[in-house]
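Once you know that position 22 of the sequence shown is 777 in our numbering, the rest is easy, because the numbers rise by one and skip nothing.
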Amino acid sequence: MKHFEFDIIYIMAYSIKMQIIERGRFLHNRLRNTLIALLMPIDFFNLPIRSH
């Protein structure tokens with residue numbers, strides 16, 4: 756149960772990241788590119804979440 760909360764944080768953060776990228780087409784290009792550039796260093800796939 757120790758990793759349960761971290762899994763929820765991972766899922767929430769990843770879904771927020773995906774929503775911003777998907778909705779980016781409705782935003783101004785510069786604003787969209789800024790949001791993606793800020794979020795791209797946060798690579799959730801590289802987090803060691805499955806090393807239980």
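Ideal Cβ placement from N, Cα and C applies to all residues, glycine included.
- Straight through space, the alpha carbons of Arg778 and Tyr765 are spaced by roughly 20 angstroms.
- When the beta-carbon positions are compared, Lys772 and Leu786 stay at least 8 angstroms from each other.
- For Met795, the three-state secondary structure derived from DSSP is coil.
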